[in-house]
Amino acid sequence: MQTSQKHKITGKCIDWPVQELESYCWPPNQSLEPYHSGSDDGSNSVQHSVPNLERYCTLDSSSSMQNSSSTASFSPDGSPVSQQNYTYPLDLHHSPENTCASPISGSCVIDNENDLGLMIRQLETAMLGTDSGDLDLNAIAASGRATEVSVEAERWKYMKEMIARGDLKELLCTCAKAIESNDMYMTDCLIAQLRQMVSVSGEPMQRLGAYMLEGLVARLASSGSSIYKALRCKEPASPELLSYMHILYEICPYFKFGYMSANGAIAEAMKEESRVHIIDFQIAQGSQWLTLINALAGRSGGPPSIRITGIDDPTSAFARGGGLEIVGQRLRKLAESCKVPFEFHAAAISGTEVQLENLGIQPGEAIAVNFAMMLHHMPDESVDTQNHRDRLLRLAKSLSPKVVTLVEHEANTNTAPFIPRFLETMGYFSSIFESIDVSLPREHKERINVEQHCLAREIVNIIACEGQERVERYELFGKWRSRFIMAGFTPSPLSPFVNATIKTLLQSYCDKYTLEERDGVLYLGWMDRAIIASCAWRC
Numbered sequence: 001m002q003t004s005q006k007h008k009i010t011g012k013c014i015d016w017p018v019q020e021l022e023s024y025c026w027p028p029n030q031s032l033e034p035y036h037s038g039s040d041d042g043s044n045s046v047q048h049s050v051p052n053l054e055r056y057c058t059l060d061s062s063s064s065m066q067n068s069s070s071t072a073s074f075s076p077d078g079s080p081v082s083q084q085n086y087t088y089p090l091d092l093h094h095s096p097e098n099t100c101a102s103p104i105s106g107s108c109v110i111d112n113e114n115d116l117g118l119m120i121r122q123l124e125t126a127m128l129g130t131d132s133g134d135l136d137l138n139a140i141a142a143s144g145r146a147t148e149v150s151v152e153a154e155r156w157k158y159m160k161e162m163i164a165r166g167d168l169k170e171l172l173c174t175c176a177k178a179i180e181s182n183d184m185y186m187t188d189c190l191i192a193q194l195r196q197m198v199s200v201s202g203e204p205m206q207r208l209g210a211y212m213l214e215g216l217v218a219r220l221a222s223s224g225s226s227i228y229k230a231l232r233c234k235e236p237a238s239p240e241l242l243s244y245m246h247i248l249y250e251i252c253p254y255f256k257f258g259y260m261s262a263n264g265a266i267a268e269a270m271k272e273e274s275r276v277h278i279i280d281f282q283i284a285q286g287s288q289w290l291t292l293i294n295a296l297a298g299r300s301g302g303p304p305s306i307r308i309t310g311i312d313d314p315t316s317a318f319a320r321g322g323g324l325e326i327v328g329q330r331l332r333k334l335a336e337s338c339k340v341p342f343e344f345h346a347a348a349i350s351g352t353e354v355q356l357e358n359l360g361i362q363p364g365e366a367i368a369v370n371f372a373m374m375l376h377h378m379p380d381e382s383v384d385t386q387n388h389r390d391r392l393l394r395l396a397k398s399l400s401p402k403v404v405t406l407v408e409h410e411a412n413t414n415t416a417p418f419i420p421r422f423l424e425t426m427g428y429f430s431s432i433f434e435s436i437d438v439s440l441p442r443e444h445k446e447r448i449n450v451e452q453h454c455l456a457r458e459i460v461n462i463i464a465c466e467g468q469e470r471v472e473r474y475e476l477f478g479k480w481r482s483r484f485i486m487a488g489f490t491p492s493p494l495s496p497f498v499n500a501t502i503k504t505l506l507q508s509y510c511d512k513y514t515l516e517e518r519d520g521v522l523y524l525g526w527m528d529r530a531i532i533a534s535c536a537w538r539c
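According to full-length UniProt numbering, the sequence shown holds residues 1 to 539 in order.
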């Protein structure tokens, strides 16, 4: 706009030329095109479409992924791409913190002409001093443009320096903050840069970065829930191969030792019992109980009769290649070989639907309740007024069990706001990816499948989803302790024998794995980061 052009002042607004406003707000080569759409309240809002969103998707899927039922499609190089065009509503009001993302509204509404006169006098005093007689709106606009240019120059200088440093963690965090502040142009540039830096077969941070970036793109597209469901762990095509979850169980001792410590607590509590009923609220493939059945089979005085109630959401059949009857057959076959009286009771329902009548309680049984990597999937008071997380603890308490075991992630992704949650996810999973690196080569096909199908889905869900769609809601042990005590339980420290056994087994792994016992709770970790907390409780 030429400096000679005047801004038109009407009775209730100052009309700024739209072209000039856009030049203040959008850096050159802006790829977002504005259009108007009606909002729910009948007013007009401005949205920006982002064409070719698919170029941001990063997952280099294995061939096995191409047969899954997913809302994402895959490019020739194996990367999933979006099948939809998405629009992102932007803030309609300009602020100093958002100089790049949000278009300024077309007019500034003034209540009456007296307010307009007061505003002009205040601007005149601020810009020209008290002796000024005339107000040059072009001078104010020029000053505003200079400020905008200065701020914008600093922003892009910072981003250029950050890209030059090549710090993947820093770029991921900056991208997350840009999305949080609705800065679409910064997001656009950072995603394009990040796609060149991540790889599902690279170093641990590059691999984790690929899935975190996928989570950010899914958050933009509001497709996190679809990706989460599409990446459910599945059996390999060949029945001779172990499932991805079992491979993860073998290469990540956190999970294995968490289950082992729970089994140790149950065996200790049931050493004098003849009828044992174990209620597993997420039995999955039932692998946890193989070692316990073997251990009880060798008990002095003979084995007890064992009854296992296996609860699992029917959708988890994808992870088994079939329903809960597969788990029952597997455990029954082992029990028969060990000469252990055994019965399996299947309850193919979600944890949110479990009621007392689903548990098949019988008189004279000694009950053990197992919450292994399950309770964090239950919505709590921050998500649902029914608060199934605490409801299930009260249900367990009503059974008067001999022991209740808890194995959970030692992280907070439940109530933390988006940015702290993003940072927590990065710190937590970077330790897991680093530890996997010492177990399987980076180009190992099974390692890629394990990370993609068993870890990526949790990462995407934590980053991309909110509300009831975010089901991966980890809590730190301090919060779990409060919940158990509130439900009426008392801590039951794990026995020294259990701790010593796990420490001995841990020696066969990399020396960077750690095992720490504090106040009867076992923390399994990698270097200085606790990954899993395992503990036991009694009535």
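We put the beta carbon where it would ideally sit given N, CA and C, even for glycine.
Since this is a predicted model, take the numbers as computed values, not measurements.
Under the rule that 16 or more other beta-carbon atoms within 10 Å means buried, what is residue i, buried or exposed?
i	result
E410	buried
C510	exposed
P401	buried
T490	exposed
Y513	buried
D519	exposed
L375	buried
G284	What sits at residue 284 in the sequence shown is Ala, not Gly. Burial call: buried.
F281	buried
R457	buried
F497	exposed
P253	buried
R394	exposed
T309	buried
T504	exposed
L359	buried
S534	buried
L194	buried
G165	What sits at residue 165 in the sequence shown is Arg, not Gly. So R165 ends up on the exposed side.
Flag residue i as yes when its Cβ comes closer than 6 Å to any non-hydrogen atom of the ligand FAD, and as no otherwise.
i	result
V383	Of the ligands one can find in the structure shown there are none, so the ligand FAD has no counterpart to examine.
Taking the straight line between their C-alpha atoms, what separation do you get for residue i and residue j?
i	j	result
V46	E203	At V46, the pLDDT of 36 sits below 50, so the modelled position is not reliable; the number obtained from the coordinates is stated separately. Approximately 41 Å, taken between the alpha carbons.
D390	S261	23 Å
V404	G467	29 Å
V471	N461	7 Å
V383	L515	33 Å
H48	F484	A caution first: H48 carries a pLDDT of 39, below 50, which makes its placement in the model unreliable, though a value can still be read off. If I take the Cα positions, the gap works out to 47 Å.
A218	A416	19 Å
E365	S305	10 Å
Y249	F255	6 Å
R332	L168	49 Å
H444	E434	15 Å
L220	I227	13 Å
G302	E273	11 Å
M162	C539	54 Å
L216	I436	23 Å
Q362	V354	17 Å
R330	I367	22 Å
Y523	C338	32 Å
P420	V340	49 Å
E446	V151	48 Å
Y185	I532	39 Å
K157	Y244	45 Å
N263	W289	8 Å
H388	Q196	42 Å
E170	A210	14 Å
Identify the residues that DSSP records as bridge partners of residue i: which are they?
i	result
Y428	Bridge partners of Y428: none, in fact.
I367	H277
F344	I308
C535	L406
Y513	W526
V521	R518
T174	According to DSSP, which records beta bridges pairwise, T174 is partnered with nothing at all.
P491	W537
- Query: Which full runs of the alpha helix (DSSP H) of 4+ residues lie inside the UniProt region "VHIID" (245-310), going along the chain?
  - Reply: Here the runs fully enclosed are 253-269 and 288-297.
- Between the region 189-196 and the region 434-446, are three or more C-beta pairs nearer than 8 Å? no
- Message: With three or more C-beta pairs closer than 8 Å as the rule, is the region 422-434 touching the region 281-301?
- Response: no
- Output the residue ranges of the alpha helix (DSSP H) runs that lie fully inside the region 369-407 and measure 4 residues or longer, sorted by chain position. For the region 369-407, whole alpha helix (DSSP H) runs of length 4 or above, ordered along the chain, are 388-398.
- Counting Cβ pairs, one atom from each stretch, are 3 or more of them under 8 Å apart for the region 337-348 and the region 369-386? no
- Pick out the complete beta strand (DSSP E) segments inside the region 438-473, 3 residues or longer, and give them in chain order. none
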